[in-house]
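As you go down the protein sequences, you meet chains C, B, U and Y in turn. Going by our numbering, the letters in the first sequence line up with residues 1 to 427, in that order. Going by our numbering, the letters in the second sequence line up with residues 428 to 969, in that order. Going by our numbering, the letters in the third sequence line up with residues 970 to 1099, in that order. Going by our numbering, the letters in the fourth sequence line up with residues 1100 to 1318, in that order. Even glycine gets a Cβ: it sits at the ideal position worked out from N, Cα and C. Notes follow once the structure below has been shown.
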Amino acid sequence: MELENKDVLVVGSGISGIASALELAKAGVKVYLIEKEAAVGGYAASFCCKATDSCAKCSVCAALDKLKEALIHPRITILTNSTVKRLSGELGNFHVEIIQQSRYVNMERCVACGLCAEVCPAQPKAIHASSEENMPFSYVLDEGLCLRFKGEKCDLCQSNCPTKAIEFELKPNRHELSVGAIIVATGFAVFDARLKGSLGYGRYPQVLTGLDLERVFRREGYLKLSTAGNEPKNIAFVQCVGSRDERHGYCSQVCCKYAIKLARLIQYQNPEAKVTIFYIDLQTSGKGFAQFYEECKGSIQFIRGIPVEVLQTSSGKLEVKFEDISQGKVRRDVFDLVVLSVGISPGKDVWDLARILGINLDDDGFFGVKSALCSNETNVDGIFLAGTCQGPKDIPDSIAHGVAAASKAIQALSGVDSRRRSFRWRW
Amino acid sequence: MEKEIGIFLCNCGGGIKNIDFDAVREKLVQISDVAFVAVSSALCLEEGKGTIVSTIKDKGVEKVVIAACSPEFTEHTFGEVLEKAGLNRHLLAMANVREQCAWAHQGDVTKKAIQLIKMAVNRARLLQPVQKKELPINKDVLVIGGGFSGLNIALQLSRLGLRATVLEKEAVLGARLGEAESFSSCDMGPMISEVESDDNIEVLTSAQLVRIEGNVGNFSVRIQKAGEEIPRKYGAIVVATGYRTQLMASSEPDSGGKILSQAELCRMLAAQSLEKQPRTVGFIFDFADENSRFPTLATLDNALAAKEKWDSEVYVFCKSVKVDSKGAEKLYREARARGIVFLKCETPPKVLAKNGRVEIQAQDILMGEDTVFACDVLVAEQQILPAEDADILSSLLNVGRDSKGFYQDENVHLYPVALERKGIFVVGGCRGDLDGGRVLSDISSAVMSIYELLSPGKIVVDSEKVKANPQKCVACLTCFRVCPHSAIQLMRAENEKEVAQVADAACDACGICAAICPAKAISFEGYTDEQIVAQIEALGTS
Amino acid sequence: MSKEIVAFCCQHSAYPAADLAGKSGLRYAENVRIIRVPCAGRIDVIHILKAFEKGVAAVLVLGCEEGACHHITGNDRAKERVKYAEMLLKEVGADGGRVKMYNLSPNAPHKFVKILDEVSKKIADEEKQK
Amino acid sequence: MIIAERKLMEEIKRLVAPFKKVLVAGCGTCVAVCWAGGEKEVGILASQLRLARNAEGNKITVLEATVERQCEKEMVLELKDKVAEVEAVLSLACGAGVQTMAELFEDKPVFPAVNTTFIGKPEKEGLWTEMCGACGDCFLDRTGGVCPVVRCAKGLLNGPCGGTRKGGKCEIDPEKDCAWVLIYRRLEKQGRLALMREYNPPKNYRAVKRPGRIQAVKA
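Encoded structure:
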């Protein structure tokens, strides 16, 4: 039987949420896309391009294209600063209460001309574009930074706004949506490298995480470090930081790939740089990675064994203590820069979202699935999972998983009972 | 000269300070065929759009130039505004005076802004309307390959009301799974019966695709079955021909069936009674082919099963265990907990067959020196390869392959299941080595893309945006060979000479053909040679 | 009169990179004139020669990274055509080095700015020598 | 079809050096198919001429035109008024086109801008190879459809020459297939190897009077 309400709510506007929303919209479904931050795109759209003289197949630009396409699609309604408050009903007839925090800027009126930011006295600016690429296309007033919300009587931005888009009285408003299905695409949290105290992140400025390196390359385009001193000659990547350890019983799948791609980019930009990657098991599988790995197998030094300690030497360099398994002894090496390849951990607010939606978590802390065969369906009919909220994935897999979630939602909405087929699948 | 061009300038709410819009206005009004130059503060807001529609209507212009922010986000909305004002959306030329002029340079950039707008005016002067056209399409789907992916797609499509034809080269569906050729052993019985009983799905076994013409929405193919060719029409095609494995040639001659493939071991495990249960089992993987997940996953599964069923000693020789799949790390930990010995070696172990047993000489990095292990049964490394007929089928379909020979070019814009030809999708093992979860995602992605493409029953295309002029075309086939999307065919209209014809549905508007055509026969509306050169003509005059 | 640099920018990569350069406040030389094209593969030798006929200082063809072209072969064909144009220019005594092909991605505004600075510096040096 | 290749720029510049106004005439058939003289190449040559002369400070105006076939009188006459305007014509057509143009506009010099090379076919996009030498006495029936006169470096009628390299490659040019090996394999496939033993008499080139003339039966 065809369900009458065919609209779909997508929670989270990372690349898998965007992929689901885009596919559903192209198939004629009305989509509400809600995002808790002020900007859409999540992590994928914020990474850097790792191409040297040829593309490194990291899919960031493909994610960016889908994001731009979703922003102008007529059947997708984007609600930023919004979270799910309450849920009732079942497949085909969900009632969802959304709380949208106020941006204090009317998105229909804002033309992103930047005049408000120019006059804002707060340091750092309290009113700014939603992201560097300003997606969605409007500014946002940050309550925490704005002097007006700290008691000062300041309305410089409001008076200078040519299109009268800034309204301080905007209260958080409540949306009552009725949708046929829900796709959860809330993404992941980057493992906080401070939890591995012995590796020195947060203590030594030359210890960065993979995410910091991505941000440096995204902002500067080359390895420009805040610490003085010339280009780092000797760089170490430490794998499996926050993956495959006592509290994370899974491989985050992305760290070996981004470490090798960033290492290749560093060596391309600075041929004298020597890069060492410390690993347990090198994950070099996947589409398009074969000839890529052959190319840099020679130039990168791979050492089997994870460092246990990073200390700063008197000369300001970093001394890394590790057990070199192939030589069977403990060694210490000195590096200019140490990058901790941090892994994927479950999102921070998974607990309350799971409670609101009534979906359970698996023992790694990601959202649980009905059975290993359908990695999109949760224990609640009509609520589907997309992307890294169900488990670690790289960008192409997240996109595929998002599109698959859309496909399952469409099938559920057209009255299809996806009863289990009785067959045993082993990889 | 008849005044037919209207120019709208937008100072972005006053945000653009280093352009003197009045000076720009005086300069542009002097252009002979410009009817008016209107300066507005926010064209992208409702009131701005309102003024555009009203000004166009009462001034009766035919072409519109809008100098504002980047067309990337706004060309779409201004196109709709033109349509509201009764103009074709393609009669719009935009000049990017904000991101690429005002924000990009220090100091006064009025001169550059004037030049950018003149470039847009020169282009606008030559713009022609492009109409939308609806093409009826065929809603049936051809699925090539009757394995796990192919059958699953057919089932999910039939649930969405789309009819599918499954083409299987072998005489039986799902023949490949469970053979020595594959890794996974999966009891396909119930799924095959479900497919055969589904009246939305037509199964053609021992049948092969031999000819294909047309493009997305209207593929006409010829299927060879039992010696005769059946002509058929389809809207979309899915390639799901799976992968093939090749047992790495063991250095010793086969010593009495001791060296097996993963699937053969599966069958041994599944057999109820076994005359002699192997006491020690060895696995080797990740030496010749360091980029595949299947060997690791299959090894973990079979090793645990062997431990459980035969309680045999299990040795695994590998370089790196590929655990980048959901649940693989847990399986790896369980295997170690159950006493399965993992020996990580940098160099591949040597395999010697001696007195009825298989001896493996490996240099394990922990122990440091060569050690010899004797096993009753050894599962040698299997390399994952594309199906044998991949060459024939990919040239028949004219689709690209990646560096290891699997379907789908290694281009990130094609992931997950697209190919450079619209309407043809590639799913599962034939696209690369994918574990179970990824194959299932591929299947659902393909179903979604096909549903989105075929369910409306028609395709809305720009009619003749890229067009080959029959008079000028000398049928030299260059465009036919060059088009990356195979959107150009040689057509012979009745009693006319054979000329190139661009299929609007398949064309992706890249313009590669228009650039290379030696007879300048192909025009690409919006970016014709004249329109590009006209923009260059506006340079130099300050 | 500072001569212009014509930059044929692919709408999938170079054009958004130029926009992003503007949005993130990166400044670059003012004598650049960007012409938007659907793909670097749309640019033919005749467009490059016509630009030099107009007396521009340099012509740049900016396409997607190698292997990431939306139309698979667009940027490779553009590279071949730029080489052919360079040869044609040398044949007529013009400086073949004034036409160049670069690859960049939509989220690399600094690469866009670096390319333009590099090209304008090269032209400035050559002008000084003359 | 006829394959041609554009002349080098030095030669073309020398030809038009004395003139201020020239017409570049393209042909839309054979030379367009082999990328030598179609409308696109006309644009490129015209633009190169302007650039070259601007660099020398000796301006030139170049008109551009392309006709369907330059070896057809009626089609070439379409250029009548353009030729009248100019002092010389650069024709990108094959030899037949250049001479047809020269016959019709005898008062103006008509220069060839391409070298007509051979009758051939495209091996792949952008690469053309010679197939036929127009010897006027075709004996392809006896060589399984491979012409040794042109495709064998030595033009042997009773090859192969015994110097054939491994893999059936020509003695003189290692990349080129030896024509007679191709002939042998083709005949072998068709089971007509007996033809290899037959003696092919030397060709009587005198039989073909140059220039050739063919008179069709009056329809």
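{"Item": "Where does the unbroken beta strand (DSSP E) through B/Ser950 begin, and where does it stop?", "Value": "Ile949 to Phe951"}
{"Item": "Taking the alpha carbon of B/Ser497 as the point to measure from, which residue in C/Ala290, C/Ala112, C/Ala386 and C/Pro232 has its own alpha carbon closest?", "Value": "C/Ala112"}
{"Item": "Going along chain U in order, which residues have a C-beta closer than 9 Å to the C-beta of Y/Leu1139?", "Value": "The residue you asked about is not Leu; residue 1139 of chain Y is Lys in the sequence shown. Chain U residues near Y/Lys1139: Asp1013, Val1014 and Ile1015."}
{"Item": "Does Y/Val1185 have its Cβ less than 8 Å from a Cβ in chain B?", "Value": "no"}
{"Item": "Closer than 7 Å between beta carbons: that is the criterion. Which residues of the segment 1222 to 1246 of chain Y meet it against chain B?", "Value": "Glu1224"}
{"Item": "Taking a cut of 7 Å between CB atoms, which residues from the segment 102 to 136 of chain C lie near chain B?", "Value": "Arg109, Val111, Cys113, Gly114 and Leu115"}
{"Item": "At the 8 Å Cβ level, is U/Tyr1053 part of the contact set with chain B, yes or no?", "Value": "no"}
{"Item": "Against chain B, does U/Glu1035 count as a neighbour if the rule is that its beta carbon must be under 8 Å from one of theirs?", "Value": "no"}
{"Item": "Quick one, which of B/Arg516, B/Cys528, B/Cys944 and B/Leu582 has its alpha-carbon nearest Y/Cys1133's?", "Value": "B/Cys944"}
{"Item": "Measuring CA to CA, which of B/Gln810, B/Ser872, B/Val557 and B/Ala591 is closest to B/Met675?", "Value": "B/Gln810"}
{"Item": "Whole beta strand (DSSP E) runs in the segment 180 to 258 of chain C with 3 or more residues, listed along the chain?", "Value": "181 to 184, 188 to 190, 207 to 209 and 234 to 241"}
{"Item": "Just confirm the distance between the C-beta atoms of B/Leu594 and B/Ile628, as a whole number of angstroms; I'd bet it's less than 8 Å.", "Value": "Not a contact, Cβ separation roughly 11 Å."}
{"Item": "Use the C-beta contact count for B/Glu717: other C-beta atoms within 10 angstroms, 16 or more gives buried, fewer gives exposed.", "Value": "buried"}
{"Item": "Name the DSSP beta bridge partners of B/Phe500, please?", "Value": "Looking at the DSSP assignment, B/Phe500 forms no beta bridge with any residue, so it has no partner."}
{"Item": "If you count every other CB in all the chains shown that lies within 10 Å of the CB of Y/Leu1107, and 16 or more means buried, which is it?", "Value": "exposed"}
{"Item": "Over what stretch of residues does the beta strand (DSSP E) that includes U/Leu1029 continue unbroken?", "Value": "Ala1027 to Gly1032"}
{"Item": "Step through the CB atoms of chain C and report whether any lies within less than 8 Å of the CB of B/Ser719.", "Value": "yes"}
{"Item": "Using beta carbons (cut-off 8 Å, strictly below), is C/Arg421 in contact with chain U?", "Value": "Only weak support exists for where C/Arg421 lies, its pLDDT of 46 falling under 50; the value from the coordinates is given anyway. No, C/Arg421 does not count as interfacial toward chain U."}
{"Item": "Give me whichever residues DSSP pairs with B/His532 in a beta bridge.", "Value": "Beta-bridge pairing links B/His532 to no other residue."}
{"Item": "Excluding the 5 residues preceding and the 5 following C/Leu170 in the sequence, name in chain order all residues of the same chain whose CB lies nearer than 6 Å to its CB.", "Value": "Ser102 and Tyr104"}
{"Item": "Is the shortest distance between the beta-carbon of B/Val673 and the beta-carbons of chain C less than 8 Å?", "Value": "The sequence given here has Gln at residue 673 of chain B, not Val. No, because no Cβ of chain C sits closer than 8 Å to the Cβ of B/Gln673."}
{"Item": "What residues in the segment 1058 to 1091 of chain U bring their beta carbon closer than 9 Å to a beta carbon of chain C?", "Value": "Asn1072, Leu1073, Ser1074, Pro1075, Asn1076, Ala1077, Pro1078, His1079, Lys1080, Val1082 and Lys1083"}
{"Item": "Please name the residue in B/Ala780, B/Val839 and B/Ile870 whose C-alpha comes closest to that of C/Asp65.", "Value": "B/Val839"}
{"Item": "Does the distance from the CB of C/Phe367 to the CB of C/Val184 come in under 8 Å?", "Value": "yes"}
{"Item": "Using DSSP with H/G/I as helix, E/B as strand and the rest coil, what is B/Met675?", "Value": "coil"}
{"Item": "Fully enclosed by the segment 630 to 709 of chain B, which alpha helix (DSSP H) runs are 4 residues long or longer?", "Value": "689 to 697"}
{"Item": "Could you give the distance in angstroms between the alpha-carbon of U/Val1088 and the alpha-carbon of U/Leu1073?", "Value": "15 Å"}
{"Item": "Within the chosen definition, does the segment 1056 to 1075 of chain U reach the segment 1028 to 1040 of chain U through at least 3 CB pairs nearer than 8 Å?", "Value": "yes"}
{"Item": "Just checking: is the beta-carbon of B/Asp535 within a distance shorter than 8 Å of some beta-carbon in chain C?", "Value": "no"}
{"Item": "Once DSSP output is grouped into helix, strand and coil, what is the label at U/His1079?", "Value": "helix"}
{"Item": "Given a cut-off of 8 Å on the beta-carbon distance, is the pair C/Cys110 and C/Asn160 in contact?", "Value": "no"}
{"Item": "Closer than 9 Å between beta carbons: that is the criterion. Which residues of the segment 1157 to 1172 of chain Y meet it against chain B?", "Value": "Thr1165 and Glu1167"}
{"Item": "Counting only runs of 4+ residues fully inside the segment 897 to 964 of chain B, write out the alpha helix (DSSP H) ranges in chain order.", "Value": "905 to 909, 939 to 943 and 956 to 964"}
{"Item": "Does any residue of chain Y bring its CB to less than 8 Å from the CB of B/Ile959?", "Value": "no"}
{"Item": "What are the residues of the segment 1110 to 1128 of chain Y that lie near chain B, defined by any Cβ-Cβ distance shorter than 7 Å?", "Value": "Gly1127 and Thr1128"}
{"Item": "Under DSSP, the alpha helix (DSSP H) around B/Leu620 begins and ends at which residues?", "Value": "This sequence places Ser at residue 620 of chain B; Leu is not what is there. From DSSP, the alpha helix (DSSP H) with B/Ser620 extends over Gly616 to Ser624."}
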